[in-house]
Each structure stands twice: as C-alpha cells, then as structure tokens.
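Residue numbers (the numbering used here), protein chains in the order written: chain G, 15 to 347; chain E, 3 to 363.
Every residue, glycine too, gets a C-beta built ideally from N, C-alpha and C.
Predicted model, so just to flag it, every value in this text is computed and none were measured.
One structure is given below, encoded as structure tokens.
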C-alpha cells in the first residue's frame with residue numbers, strides 16, 4: 015500500500031505546482047506572454063514536457079523515493095510483501111543504534127560511522143593542504159607553460175581506472191612493497207612499516223582519488239584574484255602567511271567550500287578505496303551498507319543506513335558552511 | 003618622516019630586453035616627482051624597483067641614504083598606489099585603510115584613531131563601515147591613498163592612479179593629490195603618460211623614452227627648454243622642422259628645412275652641417291609675414307574651432323601637419339580652408355635641437 019502511495023507523491027507535487035502556477039497566472043494576465051505550448055507547438059511541447067517529466071520522475075525522483083519508503087519497511091521475502099507482515103516501521107533506523115538480535119548498543123556500526131566521517135574530514139583536510147599550494151601556484155605564480163604541464167600531470171593519471179590505481183598503491187605501500195624496501199635499504203627502519211594496517215594507505219588512496227575534485231574549484235577561485243591585491247598586501251607589510259589568510263583565502267572561500275564539500279561527500283561515500291586500501295580492522299560505513307544490500311539481501315536496513323549517512327553528511331556540510339559564512343549558492347557558482 | 007630616493011646607475015633587464023638603461027637621479031626629500039613617458043618606456047619598471055617588487059640588474063636604489071638591495075616590498079619605507087587601486091573588496095573602508103597597521107600589530111584603538119584621522123584627511127569621515135564597492139570612483143581613489151598613507155611611508159609611489167577616472171574627476175583629483183602631498187609632506191613619486199598631470203602636479207619631472215631618462219627638470223624647464231627632440235615632441239604640442247644646420251653662432255642657428263632657411267635658438271652643441279630639428283610650438287606661430295628666416299609659406303588644410311582657441315592645420319614639411327593655435331581674443335582673422343598662408347614666429351621661441359627620435363613616430 016505504502017509502496018503504491020510513494021509513486022503518487024511526485025505526481026501530487028507536480029499537480030499542486032501546476033495548480034499554483036495557474037492560480038498565479040490568472041491574477042496577472044500578460045497579453046504579450048505566450049504559453050509554453052503556444053511557443054513550441056502542441057506536439058513538440060508535449061514531447062518536451064514528457065521527456066523532462068520522464069527524466070525527473072523516473073530517473074531522479076522515483077529511485078530515491080523508492081529507497082526512502084523501503085527503509086521504513088521490515089525485511090521480508092518477496093512473497094510476504096504487501097501482506098499482513100508488511101507495515102511501516104522505524105525498526106531499520108533503530109537497528110543502527112540498537113542491534114535487534116541481541117538488544118545491545120550497536121557499537122560496531124556506530125563506530126564505523128563515526129570513523130568514516132572523521133576519516134573523511136581528515137582526508138578533506140589533507141587534500142586541501144596538498145591542493146591549496148598547488149592551485150595557488152597554478153593560478154598566480156606559475157608560467158603558462160609550466161601550468162599546462164602540471165595540469166597534464168594531474169589529469170593523465172585519472173585515465174587509469176580506480177581499481178588499478180588502488181591496487182598499485184597497495185603494491186607500493188605493502189610490507190614488502192617498494193617504499194618499505196627503500197626504507198629498509200636506506201637503514202631508516204629495520205622492520206617494514208605497516209602502512210596498510212594503520213590506514214595510511216587508505217588516507218593516501220582517498221586523498222589521491224579526489225585530488226582533482228579539490229584542485230579545480232580552488233584553481234578557479236584563486237585564478238580570478240587580481241595579482242595586484244597580493245602585491246598590495248605585501249607592499250603594506252604583510253608576511254606571506256597573512257596574505258594567504260587575509261587576502262587569498264577569503265577571496266577563494268567559495269571555491270574552498272565547494273572543493274571541501276565535494277571531497278568530503280565523495281570520500282564518506284566511497285567504496286572501492288576503503289575496500290582495497292583499508293586495514294584488516296578498518297570498517298568503512300559504505301562497506302556495511304554494501305553488505306546489507308548484496309550479502310544479507312536486507313535492502314530496507316541498507317537503505318536506512320545509507321540515508322543516515324546522507325543526512326549526517328548534509329547536516330555536517332551545512333554546519334560547516336554556516337560556520338565559515340558561505341552560502342550554498344556560492345559553492346556551486 | 004620623509005626620505006629622498008636615489009637611483010644610482012639602475013639598469014633593469016628582462017632576459018634580453020633592457021627595460022631601463024642606467025638611470026641615475028636623485029629625488030629630494032618631500033618632493034613631488036613625476037616620471038613621464040609613453041607606455042612601455044620603463045617608468046612603471048622603475049616604480050616597481052623602488053617599491054621592491056623588482057631588483058635592479060645593475061646599480062643601486064637608496065632610500066634615505068640606505069641601500070635597499072635585498073629588502074622586499076614589505077620591508078621598505080615605501081607605499082604603492084596601484085593603477086587599478088587593488089583595494090581589498092571583501093573588507094570595509096576602515097579595514098582597508100588600517101590593513102597595513104593591522105599586519106604591524108597595532109592595537110584596535112590605535113587603528114581606529116588613525117582611521118578617523120585619515121578618513122577626515124580624504125573627506126570620507128563617517129563612511130568607514132561601508133564596503134569598498136559601495137564607493138564612487140573618486141572615493142575609492144581617496145581610500146587607496148589613505149590606505150597607503152596609513153603605514154606612514156617615507157615615500158609614496160603612485161602608478162597612474164588617475165587613469166581610470168573621467169576627465170572632470172581627474173582634474174579635481176590632481177589638485178587633491180597635490181594638496182594631500184603638501185599636507186603630509188612626504189616624497190611622492192608619480193608615474194604618468196599624461197603630460198598635463200605631470201606638469202600641473204610635479205615639482206620636477208623625469209621624461210623617459212625607451213628605458214632612458216631623457217631629461218630631468220621642473221615643468222617650465224621641460225616645456226620651454228627641452229633637452230632632446232623626444233622631449234620637445236612629447237611634452238606639449240610641437241611642430242618639428244627637420245633639416246641641416248647652415249650657420250650656428252651667438253646662441254642662434256639657421257637650419258635649412260623643407261620650408262627654406264629658418265632661425266631658432268640653439269640648445270645643444272651644433273655645428274654647421276649637422277642634422278637638426280627646429281621646433282616651434284603651435285601657440286608661438288603667427289599668421290602673416292615676419293622677419294627674414296622666420297617666415298615660411300604653407301597652405302591651410304583644415305580649421306578646428308575649440309572654444310577658447312582655434313587650431314589651424316597647415317601643410318607640413320613631412321607627413322605630419324603643422325598646427326598653429328590662435329587664441330579666441332588674438333584678433334587674428336581665421337583663414338579659409340585651402341588658402342595659402344604666410345606663417346611667422348619669434349625666433350626666441352623656436353628651438354634647434356640635434357636630430358633624434360620624435361614621440362609617436
């Protein structure tokens with residue numbers, strides 16, 4: 015019943031909007047304004063509306079809506095769906111906090127959740143620390159030729175697919191990998207350093223995976239800054255770090271916010287890198303979601319977990335934007 | 003506090019290109035000094051060298067007697083006003099003005115006090131809380147001046163700051179700049195390609211061309227006694243008559259030009275047979291017959307009425323026309339277009355200079 019109801023939501027929303035727009039148009043009649051169908055012709059107009067409606071309803075809205083309603087249902091075999099056992103419940107969301115089989119606190123999943131969020135914050139910070147100097151160099155300091163070369167060097171590695179990239183990093187960081195061999199050959203350490211077990215590999219892999227996502231918004235933002243502003247600050251006696259703190263970064267704030275938001279969202283929701291590069295004791299939250307869908311075939315619980323992650327990420331990003339006084343509109347400029 | 007600025011054989015090269023060629027001059031303490039020249043003559047390069055953004059390839063820059071080599075722009079007692087002002091758009095007027103004090107660690111009280119002083123100096127009292135973009139062009143200009151003055155520089159460097167303003171405002175700001183300079187009493191170094199600005203504001207002017215300082219002097223000297231053909235043709239309007247020196251004695255010379263032998267005062271050490279150019283300014287030319295060697299015949303190409311004066315364009319010796327300016331109340335009859343005209347001048351107002359490159363050739 016509720017499954018059927020969910021399909022009605024977008025139709026009802028569209029109908030409400032349509033009625034509202036008709037109501038508004040009645041009040042202010044503009045003789046020069048032609049209706050959409052008059053402008054495009056009836057047939058073509060209907061085709062346009064149909065295509066856009068198909069896109070937004072079937073490809074964007076409905077899959078998510080379906081997942082939303084699924085997360086409010088118990089896990090049932092297909093035959094029992096729609097039967098007397100199929101009722102709306104918050105059980106799946108509750109199961110994130112309290113394990114249903116034992117009744118204990120679900121510390122396992124909650125700590126994975128907190129770890130994923132914190133690690134994503136760390137990856138975002140690391141990424142920013144790497145990308146800001148690079149972006150500044152490309153946007154303000156470097157000569158055109160060097161910038162082109164650098165740009166190429168940044169983009170080309172992304173032609174390599176993610177799995178190959180992750181595994182080659184693993185090869186590099188493994189206990190008998192190239193880096194450890196070099197460290198031991200140079201006598202810096204006698205025993206190999208466990209990069210993968212301590213999640214170093216995970217952070218490196220995630221930071222590297224989303225480098226471009228950070229660097230381009232930063233580059234775009236810094237590039238439009240007038241060089242004279244930097245020189246003016248310098249001429250007024252500012253040391254270099256104050257120039258960045260007080261002139262460049264405030265100016266590039268929308269770009270910084272945009273880059274950080276995307277890197278944070280993507281790394282919190284990433285699956286491949288944590289799977290291949292995380293240590294044996296590391297549980298990334300998306301891996302749990304994945305397991306619910308594909309190992310336990312518990313779609314309702316997987317959906318509930320995924321929405322918990324989504325809501326937490328959105329909340330976190332909004333709070334950060336608020337804290338740094340950036341409007342959402344600025345970040346997507 | 004104010005300081006003199008000394009350029010000692012300063013040469014600045016960018017790769018193979020020499021932007022400034024062994025510039026040597028001394029700008030006195032408290033002077034309003036202008037570098038005047040066409041774009042690309044190296045005047046901005048000199049300014050950036052004095053401010054510390056560039057190091058000279060050869061030679062020394064001294065400010066207050068101290069060699070500035072190795073001192074960055076943030077360590078020099080200079081403040082620069084940029085051509086586009088480069089105000090910080092995300093800061094208020096007060097924050098802009100006091101930025102230099104803030105990075106020097108001045109307290110808030112100190113900064114507010116100084117901001118108040120400067121805001122009243124630039125007649126923007128009470129507008130400190132506005133954002134920079136809410137101000138008009140002239141107001142922004144004054145904020146830029148205040149921001150530079152806030153750090154109490156000994157030398158203020160101005161890189162064509164008036165070029166973005168419209169004509170009326172520009173003329174107003176000339177007076178204002180001059181007033182501010184006299185009130186604060188520090189050395190101003192002003193860069194411009196506008197000779198009107200240089201002449202009206204400066205105590206002294208250095209005229210530059212192609213990286214070389216051609217002449218240094220006060221406005222009257224530069225205008226009345228230009229040292230080179232370039233200065234004569236760049237500062238103010240001037241009519242060149244190139245030719246060969248026929249005779250030179252007693253401070254006058256006779257030059258054989260396309261219009262026959264013409265007489266003028268001699269400036270350089272010219273000998274008979276040397277190539278030379280005789281210069282007569284449009285306002286020094288008169289219609290009608292004059293004395294021997296100071297009269298020539300030409301024809302009227304065009305007449306332009308400009309309110310207070312009329313400009314008569316005559317067929318010149320080369321491609322360029324000769325301009326003759328008649329004041330509104332000179333009482334001279336304006337000739338018809340196309341008519342023949344005899345033109346004469348006072349030989350004391352004509353100058354014979356060695357041949358050289360002219361401006362905008």
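Residues of the same chain with their beta carbon placed closer than 8 Å to that of residue 40 of chain G are lacking, with the five preceding and five following residues left out of the count.
Among the residues of the stretch 323-352 of chain E, none has a Cβ less than 7 Å away from any Cβ of chain G.
One Cα belongs to residue 230 of chain E, the other to residue 209 of chain E, and the distance between them is close to 10 Å. When CB distances to chain E are screened at a threshold of 9 Å, the residues of the stretch 231-252 of chain G falling below it are 240, 241, 242, 243, 244, 245, 246, 247, 248, 249, 250, 251 and 252, in chain order. In this chain, the alpha helix (DSSP H) harbouring residue 83 of chain G covers 76-84. The C-beta of residue 219 of chain E comes no closer than 8 Å to any C-beta of chain G. Contact between residue 242 of chain E and residue 281 of chain E holds, with the beta-carbon distance rounding to 6 Å and staying under 8 Å. Contact between the stretch 165-180 of chain E and the stretch 137-148 of chain E is present: three or more C-beta pairs spanning the two stretches fall below 8 Å. Residue 131 of chain G is positioned such that its CB atom lies closer than 8 Å to that of residue 326 of chain G.
Around the CB of residue 224 of chain E, 16 or more other CB atoms lie within 10 Å, so the residue is classed as buried.
The Cβ neighbour count for residue 173 of chain G, taken over all protein chains shown within 10 Å, is under 16; the residue is labelled exposed. With a minimum length of 3 residues, the unbroken runs of beta strand (DSSP E) contained wholly in the stretch 223-252 of chain E fall at 241-251. Contact of residue 261 of chain G with chain E by beta-carbon distance below 8 Å involves 90. Here the alpha carbons of residue 139 of chain E and residue 15 of chain E stand approximately 35 Å from one another. At a C-beta separation below 9 Å, residue 86 of chain E has these neighbours in chain G: 240 and 242.
Interface residue (Cβ-Cβ distance to chain E less than 8 Å): residue 150 of chain G is not classified as such.
With its beta carbon at least 8 Å from every one in chain G, residue 73 of chain E lies outside the interface. About 5 Å separates the beta carbon of residue 53 of chain E from that of residue 80 of chain E, a gap short enough to meet the 8 Å contact definition. Residue 71 of chain E sits away from residue 60 of chain E, with the two beta carbons spaced by 8 Å or more.
In the DSSP annotation of this structure, residue 73 of chain G is not part of any alpha helix (DSSP H), being labelled neither H nor E.
Residue 285 of chain E and residue 237 of chain E have their C-alpha atoms roughly 14 Å apart. At least one C-beta of chain E is nearer than 8 Å to the C-beta of residue 264 of chain G.
Taking a Cβ-Cβ threshold of 9 Å, the residues of chain E close to residue 256 of chain G are 104 and 105, in chain order.
For the pair residue 263 of chain E and residue 355 of chain E, the CB atoms are not nearer than the 8 Å cut-off. When C-alpha distances from residue 103 of chain G are compared across G/27, G/314 and G/56, the shortest belongs to G/314.
Contact between residue 119 of chain G and residue 111 of chain G holds: their C-beta atoms lie close to 7 Å from each other, under 8 Å. Distance from residue 271 of chain G to residue 340 of chain G at the Cβ level is roughly 4 Å; contact confirmed, criterion being Cβ atoms closer than 8 Å. Using a Cβ-Cβ distance cut-off of 8 Å, the stretch 243-254 of chain E and the stretch 183-201 of chain E are not in contact, since fewer than three pairs of beta carbons, one from each stretch, lie closer than that value.
If the five residues before and after residue 239 of chain E are omitted, its C-beta is found closer than 7 Å to the C-beta atoms of 283, 284 and 325, all from its own chain and listed in chain order. The Cβ atoms of residue 66 of chain E and residue 10 of chain E do not sit closer than 8 Å to each other. Just measuring C-alpha positions, the residue of E/351, E/129 and E/84 sitting nearest residue 94 of chain E is E/129. DSSP lists E/192 and E/207 as the bridge partner or partners of residue 36 of chain E. Neighbours of residue 53 of chain E in chain G, taken as residues whose beta carbon is under 9 Å from its own, are 245 and 249 in chain order. For residue 52 of chain G, the enclosing alpha helix (DSSP H) has its first and last residue at 50-54. Between the stretch 112-123 of chain E and the stretch 146-154 of chain E, the count of C-beta pairs closer than 8 Å reaches three or more; the two stretches touch.
For residue 82 of chain E, the chain G residues whose Cβ falls inside 8 Å of its Cβ are 245, 246 and 249, in order along the chain.
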